[in-house]
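Using the working numbering, count along the sequence shown one by one with no gaps and you end on 1241. Cβ coordinates follow ideal geometry from the N, Cα and C atoms, glycine included. The structure presented is a predicted model; accordingly, all values stated were derived computationally and were not measured. What follows is a single structure, written as structure tokens, with notes after it.
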Amino acid sequence: MLELYDSSPWSQEVQENRLKYARALSNANIECLIWGEDALAFAHFVPTCFDALQLLVADQDLHAASTQIKKSLECRLFSGFNPHHVEKIVFNPSQPKAFPHSVCLETTIAACNRTPDDPDFIFIHPQSQFYFNIQDKSRSLSLAPFPDNIRFPTLTAFLDSMIATYLDPPSGRNHSRVQDPLKVWISYLLTYTLPLRKRPSVLPNGDLQPEHEEVLRSLKPENRPFFDSFVRSNIIPVREHQIRRKEILEKLGVAIYHYEIQSAPAVTTINNLSQHVYLGTGHHFTQDLFLNIFEKRDEAMQKEYEAEEMSQAWNRMNGKARRFLLDG
């Protein structure tokens, strides 16, 4: 039986225990935004289980945030291998990290002192990796008794961010460990949140329920078609959604950096480009992010080369197998 909640299903004690890492940042005057399952559970009343704690900070605060948490609490930089934090080997044998630009910390709390709520891992993400701007207070909210510089995404901002990340991943590549949870979380919001849980979602005349229509209209124009299809359970290839989103952005005069950067003549154009290419949240790219984009472009070219080499090797192997069968 589906249980719906009008407040967080998790106790204040659980919330405090999970978010003690965010409090460490707050005490150092580093603003952060709660992301993932914790945002779903505490701000949007989804009865979800917890995985790693995910925090978003301003790009320039990434190192300071990591240092502050390591200094304040029992955790350290994670340098090992976790199969849940890399791509599935069947999709990419090189198994790239899900969050290559983020910091991953692991808790070092002794087993005897741990609670079931303690996260095994804490991810600190640069906000640009999820098309978010935590400085824009209209896109986030605070929850008592947590201080105002610990933020949670509004429903609209959460959906906008997840849809944008799903259709146009800032890393430049699709990654199942990133995109699969995003689809699940969107489904959770449609199922459990107060504005969206009214059923049926679609009226007999084909219109969306007024509550769903209101949320749809609150989203950025480029993200509305995906949300509309998701609510209606229309199965449309992701590539079609990506093309549609790009077309809408182009009509709005907003460049998508994955397409724009590929035509940039040289790294020396970064300063000029940063003046007119924007993130979906409306803030400028940093030079570091532009450099990362160029690096990702080069990595993508290398991957295409390696894939072509693998394909040729496979064809050679098949040719040898055919000759063996014919000769036999």
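Given residue i as reference, the closest of the options once Cα atoms are compared
i: residue 993; options: 961, 1034, 946, 1069; result: 1034
i: residue 951; options: 1150, 1113, 1056; result: 1056
i: residue 974; options: 1001, 943, 988, 1006; result: 943
i: residue 1028; options: 1164, 930, 1160, 915; result: 930
i: residue 935; options: 1167, 969, 918, 960; result: 969
i: residue 949; options: 1068, 1150, 1164; result: 1068
i: residue 960; options: 980, 916, 1107, 1113; result: 916
i: residue 1077; options: 976, 1151, 980, 939; result: 1151
i: residue 999; options: 941, 1060, 958, 1088; result: 1088
i: residue 1090; options: 988, 1166, 914, 1009; result: 1009
i: residue 946; options: 914, 988, 984, 1046; result: 1046
i: residue 989; options: 980, 995, 997, 1048; result: 980
For residue j and residue i, the rounded distance between their alpha carbons
i: residue 932; j: residue 1015; result: 18 angstroms
i: residue 1174; j: residue 1042; result: Low per-residue confidence applies at residue 1174: pLDDT is 32, beneath 50, and the placement is therefore not dependable, though the value from the model is reported in the following sentence. The alpha-carbon atoms of residue 1174 and residue 1042 are separated by roughly 17 angstroms.
i: residue 1003; j: residue 1097; result: 21 angstroms
i: residue 1123; j: residue 924; result: 32 angstroms
i: residue 1053; j: residue 955; result: 13 angstroms
i: residue 927; j: residue 1142; result: 35 angstroms
i: residue 1144; j: residue 922; result: 24 angstroms
i: residue 1018; j: residue 1037; result: 8 angstroms
i: residue 1100; j: residue 1148; result: 14 angstroms
i: residue 1161; j: residue 1075; result: 17 angstroms
i: residue 1105; j: residue 1072; result: 14 angstroms
i: residue 1154; j: residue 1135; result: 10 angstroms
i: residue 982; j: residue 1062; result: 15 angstroms
i: residue 978; j: residue 1039; result: 10 angstroms
i: residue 991; j: residue 1013; result: 13 angstroms
i: residue 1131; j: residue 1140; result: 11 angstroms
i: residue 920; j: residue 953; result: 11 angstroms
i: residue 1011; j: residue 1111; result: 34 angstroms
i: residue 1157; j: residue 1163; result: 10 angstroms
i: residue 1065; j: residue 1025; result: 31 angstroms
i: residue 940; j: residue 1138; result: 41 angstroms
i: residue 1020; j: residue 1050; result: 30 angstroms
i: residue 1146; j: residue 1095; result: 16 angstroms
i: residue 918; j: residue 1060; result: 24 angstroms
i: residue 1030; j: residue 958; result: 17 angstroms
i: residue 1044; j: residue 997; result: 23 angstroms
i: residue 1001; j: residue 1058; result: 39 angstroms
i: residue 914; j: residue 1165; result: 44 angstroms
i: residue 1048; j: residue 1005; result: 36 angstroms
Same chain only: Cβ atoms within 6 angstroms of residue i, ignoring 5 sequence neighbours per side
i: residue 1032; result: 965, 966
i: residue 963; result: 950
i: residue 1092; result: 1079
i: residue 1070; result: 1052
i: residue 1181; result: Reliability of the predicted coordinates at residue 1181 is poor, the pLDDT of 29 falling under 50, and the value obtained from them is presented with this limitation in mind. Closer than 6 angstroms at Cβ, skipping near neighbours: no residue.
i: residue 976; result: none
i: residue 984; result: none
Distance between beta carbons of residue j and residue i, contact taken as under 8 angstroms
i: residue 986; j: residue 1023; result: That pair is no contact at about 13 angstroms.
Proximal residues to residue i (C-beta, below 7 angstroms), its chain only, five neighbours per side dropped
i: residue 1109; result: 1102, 1103, 1124, 1125, 1128
i: residue 1007; result: none
i: residue 1171; result: Low confidence applies to residue 1171: its pLDDT is 46, below 50, so where it sits in the model is not reliable, and the reading given next is rough at best. Contacts found: 1081, 1085.
i: residue 1121; result: 1114, 1115, 1129, 1144
Residues near residue i in its chain [Cβ-Cβ closer than 8 angstroms; skip 5 each side]
i: residue 1107; result: 919, 958
### Task
Please determine if the region 1114 to 1130 and the region 1080 to 1090 are in contact, where contact requires at least 3 C-beta pairs separated by less than 8 angstroms.
no
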